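Single-structure report; data block below.
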Ligand code: ATP
Ligand code: MG
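Numbering (my numbering), first residue to last: -10 to 411.
Next up, the structure:
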């Protein structure tokens, strides 16, 4: 049997890649306009970076990491997410110069050993961003409004914001205790993972996807009732700005997210039309993480968007076209020799052009041209060579016109310019 790609690792082929590139380019533009700079990160890190940041009790660290030893027996891991690496780079390169705000964004593949299904793969792509050094709730709202704007530009209308606050190290202990007391009363009905996590990290139980656990959790104490004055004011500040911007959202006091490092604002954008894997983007504040990883205490907030899920929501018809402008249909040897220089001359002029080499049937050529979605086809066969004029066919209107062979370049350029101005 021929070799296959690894299970859960996908090839992304045209025309899907056209949508991907547009989604990425739009992200680059939007993030640049909000003052973010791009960071390119390594695909692998020392395993410790992820276990220390994401948390030992999370699904990701417990069972989803691609971890292996290199030839010097160091434990390496293919990155399961981007934030840990950005924080590592932020500290390593001393970007934390006092008082500065740093806005960084990234685009690239992540790796998690999960059961492959719709919207869940083992290699998947994220578009993400992090802001360091800003504690103000305006920053949280800026990110949320910017994300909503991004979805709007892409024509994605179904992504709905879910919002919560996880408080800080001051309000968390009382909540943790209340949650633990509650869960202990029901531990017989919890799954084995949750029973184990209950003692050490009860907030993890809120993130369990098993129906039985979800039923119990629905009646659990809510973190929002335990927020201290500062965290409450921060949360109210965020919702006030979202209201002001006319952004719809739902407060979900049981959302904790699958990573341990979050504080205060946490959020998910959910899209009903995605089915079971409905989170298209997620993120939140992590005001303690930089310090925990050995840097100077620095407030921070970030998000990551799942590329596969996002592109599923994008209507490919709304993607700006990138097809060549004209198909040169050479029917015969002489026509080919004449059209070959035109292929390069037109492309050099910025007029997207393709040429066929050994095709004899006009019908097949037209089918090909249709499939590529060119605007025009230029047909030159033996008869056209004899008569000294080619046929230019508008693929949409099916109108045809005759153009002299000795003015082909100028005529096509004229048609192209006219098309551009329309
Ligand atoms: P989920 O609850 O869907 O498993 P998560 O909490 O694990 O998501 P994050 O770690 O916050 O997700 O990642 C951010 C986004 O990346 C998700 O909202 C999703 O769109 C995407 N994502 C996460 N895991 C995968 C995966 N295995 N395959 C494809 N996309 C993914
Ligand atoms: Mg997950």
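For every residue, glycine included, the Cβ atom is placed at its ideal position computed from N, Cα and C.
Since this is a predicted model, take the numbers as computed values, not measurements.
Distance, residue j Cα to residue i Cα
i           : j           : result
residue 18  : residue 137 : 15 Å
residue 379 : residue -3  : 50 Å
residue 331 : residue 368 : 13 Å
residue 359 : residue 45  : 54 Å
residue 85  : residue 215 : 32 Å
residue 255 : residue 334 : 54 Å
residue 231 : residue 396 : 59 Å
residue 57  : residue 285 : 31 Å
residue 354 : residue 68  : 46 Å
residue 150 : residue 310 : 30 Å
residue 245 : residue 382 : 59 Å
residue 15  : residue 178 : 47 Å
residue 222 : residue 213 : 12 Å
residue 196 : residue 155 : 13 Å
residue 160 : residue 217 : 6 Å
residue 291 : residue 208 : 29 Å
residue 105 : residue 191 : 28 Å
residue 288 : residue 124 : 6 Å
residue 164 : residue 90  : 31 Å
residue 203 : residue 187 : 14 Å
residue 37  : residue 64  : 8 Å
residue 405 : residue 6   : 25 Å
residue 120 : residue -5  : 35 Å
residue 82  : residue 307 : 41 Å
residue 409 : residue 392 : 20 Å
residue 180 : residue 199 : 8 Å
residue 206 : residue 59  : 41 Å
residue 282 : residue 76  : 8 Å
residue 407 : residue 148 : 39 Å
residue 236 : residue 347 : 57 Å
Identity of the residue in the options nearest residue i by Cα
i           : options               : result
residue 297 : -8, -6 and 10         : 10
residue 385 : 362, 397 and 372      : 362
residue 229 : 133, 310 and 243      : 133
residue 278 : 62, 80 and 47         : 80
residue 40  : 348, 321, 248 and 261 : 248
residue 266 : 125, 295 and 343      : 295
residue 336 : 327, 398 and 113      : 398
residue 42  : 73, 373 and 200       : 73
residue 99  : 55, 142, 127 and 62   : 55
residue 30  : 6, 322, 8 and 97      : 97
residue 372 : 273, 317 and 321      : 321
residue 239 : 252, 257, 281 and 34  : 257
residue 357 : 317, 339 and 273      : 317
residue 305 : 271, 181, 145 and 387 : 145
residue 389 : -1, 76, 35 and 366    : 366
residue 0   : 113, 220 and 268      : 113
residue 260 : 251, 276 and 303      : 303
residue 33  : 185, 147 and 71       : 71
residue 280 : 271, 272, 270 and 250 : 250
residue 49  : 66, 276 and 62        : 66
residue 126 : 342, 264, 275 and 375 : 275
Residue i - partner residues in DSSP beta bridges
i           : result
residue 167 : For residue 167, which the question treats as bridged, DSSP gives no partner whatsoever.
residue -2  : Answer is none; residue -2 lacks a bridge partner.
residue 368 : 318 and 380
residue 118 : 94 and 292
residue 273 : 255 and 291
residue 343 : 316
residue 99  : 113
residue 329 : Partner(s): none; residue 329 has no beta bridge.
Residue i beta carbon near the ligand ATP (any heavy atom closer than 7 Å)
i           : result
residue 339 : no
residue 266 : yes
residue 295 : yes
residue 221 : no
residue 25  : no
residue 403 : no
residue 70  : yes
residue 113 : yes
residue 108 : yes
residue 103 : yes
residue 416 : Missing from the structure shown is residue 416; the chain here goes from -10 to 411 and no further.
residue 270 : yes
Heavy atom of the ligand MG within 7 Å of residue i beta-carbon
i           : result
residue 48  : yes
residue 247 : yes
Inter-residue CB distance, residue i and residue j (contact presumed, cutoff 8 Å)
i           : j           : result
residue 109 : residue 102 : About 11 Å separates the two Cβ atoms, so there is no contact after all.
residue 139 : residue 118 : About 10 Å separates the two Cβ atoms, so there is no contact after all.
residue 211 : residue 243 : 7 Å
residue 319 : residue 344 : 6 Å
residue 364 : residue 315 : 7 Å
residue 129 : residue 227 : 5 Å
Minimum Cβ-Cβ distance from residue i to chain C less than 8 Å
i           : result
residue 251 : Looking for chain C here will not work: only one protein chain is present.
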